[in-house]
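Novice:
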Amino acid sequence: MSFRGRRALFLVSIPVALLVLVAAFAGLPDFGNYSGVYGRALNLIAVPQRHATDVVTAVNFDYRAFDTMGEEFILFAAVLGLAVVLRSMREEHRRASHEADEEHKFDEPSSLLRAFGVLLVGPVLVIGLYIVSHGAITPGGGFQGGVILAAALLIVFLAGEYLAMKFVAPHALVEFGEAAGAGGYVLVGFGGLVFAGVFFKNFIGLGDPAHILSAGTIPISNGAVGIEVAGAFVLLWTEFLDQALVIRGK
Amino acid sequence: MIVLQTAVLFAVAIGGTAVVFAREPLRQAMVVGVYGFILALLFMVFQAPDVALSEIVICTVAIPIMILLALAKIREHEEESD
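Sequence lines, in order, name chains A and B. Taking the numbering used here, the leading residue of the first sequence gets 836, the next gets one more, and so forth. Taking the numbering used here, the leading residue of the second sequence gets 177, the next gets one more, and so forth.
In structure tokens, the structure reads:
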């Protein structure tokens, strides 16, 4: 289509789009006017029923735990697909290891970046563990905490070298962690089936609200998801890092 | 609270525009990280801390890294074909 034709199409369609948008916005509920039934109901029943003070986590890992299982395997399948797409192809080669020692890094990190990274690894790790373990009590949970845990490893790479990161997190261990996390989550579901008769039914004592071991199976599934997500993201970044640093064309 | 929400909404509008106008991919990867952080602030002031956390970890950690590494790979390809 010529430039003139495209401009004519644009000039005709933009008022139509605007009209539709204005009509749609006019029909929306007022700002801040929440009319959902389930939200109100869950806000009232989540703490007495599940002893979880973070209602979002209670929804994700209990009321709709089955959906979360689907989401988990979306991530699992996506990372698997990525690993297949980014594998080393026939005409590519991996650098030999002595060569790799020299080249397994971008430019040497400055000593400031290195010091900053060393200082940061510990706190980031602790924040990640905190977010995973307190999923049922405060905002956060397995997914967010898992990514933060993976980010701690990324800092090892930034502050040191790629080999150091691979040393802290060997490929086989990461893969195993990801699979074990995904499997563990499903096991929690089967636990509900076996001990309470319903898949993913909360089958452990609920404990006191706002305590770290409260809300029954929710902390366990959070931990499983945390391990899975951390493994998935480390695997994802490792594939990208391999492509950028290790695998070479012909 | 309304003032804060309005301010952050404007910041989001400016940030989104900035992402579009940063044409150079390397710079865009950085700007998108900052934009993700502003979005997290938006979720925070609208009382959705769970979503804010997810937004921070994805948009400021996961996505820029992937873009940067993809760019590194592309650059190396270009150097080899030269």
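Ideal Cβ positions, reconstructed from N, Cα and C, are used throughout, including at glycine.
#1: Just to confirm my understanding: we take residue 933 of chain A, look at its own chain, exclude 5 residues before and 5 after, and list those with CB closer than 8 Å. What are they?
#2: Keeping to the same chain, check which residues put their C-beta closer than 7 Å to that of residue 1074 of chain A; ignore five residues upstream and five downstream.
#3: Whose C-alpha, out of A:877, A:888, A:1062, A:1069, is nearest the C-alpha of residue 988 of chain A?
#4: Can you tell me the Cα-Cα spacing of residue 184 of chain B and residue 1024 of chain A, whole angstroms?
#5: Could you have a look at residue 969 of chain A and say whether DSSP puts it in helix, strand or coil?
#6: Return the residue from the list A:845, A:1076, A:1077, A:976 that minimises the CA-CA distance to residue 1055 of chain A.
#7: Hey, does residue 190 of chain B have any beta-carbon neighbour from chain A nearer than 8 Å?
#8: Any C-beta of chain A within less than 7 Å: which residues of the region 195-226 of chain B qualify?
#9: Under three-state DSSP, which class holds residue 994 of chain A?
#10: Among the candidates A:890, A:865, A:867, whose CA atom is the shortest distance from the CA of residue 874 of chain A?
#11: Can you name the residues of chain A whose CB is closer than 8 Å to the CB of residue 245 of chain B?
#12: Residues of chain B with a CB under 8 Å from the CB of residue 974 of chain A: which are they?
#13: Under 7 Å between beta-carbons, which chain A residues line up against residue 233 of chain B? List them in chain order, please.
Specialist: Reading from the atomic positions:
#1: Low confidence applies here, because residue 933 of chain A scores a pLDDT of 49, under 50, leaving its location unreliable and the question unanswered by this model.
#2: 917, 918, 921
#3: A:1069
#4: 40 Å
#5: DSSP places residue 969 of chain A in coil when its eight states are reduced to three.
#6: Nearest C-alpha to residue 1055 of chain A: A:976.
#7: No, no contact with chain A.
#8: 225, 226
#9: helix
#10: Ranked by Cα distance from residue 874 of chain A, the options A:890, A:865, A:867 are led by A:890.
#11: 1072, 1075, 1076, 1078, 1079
#12: 225, 226, 228, 229
#13: 979, 982, 983
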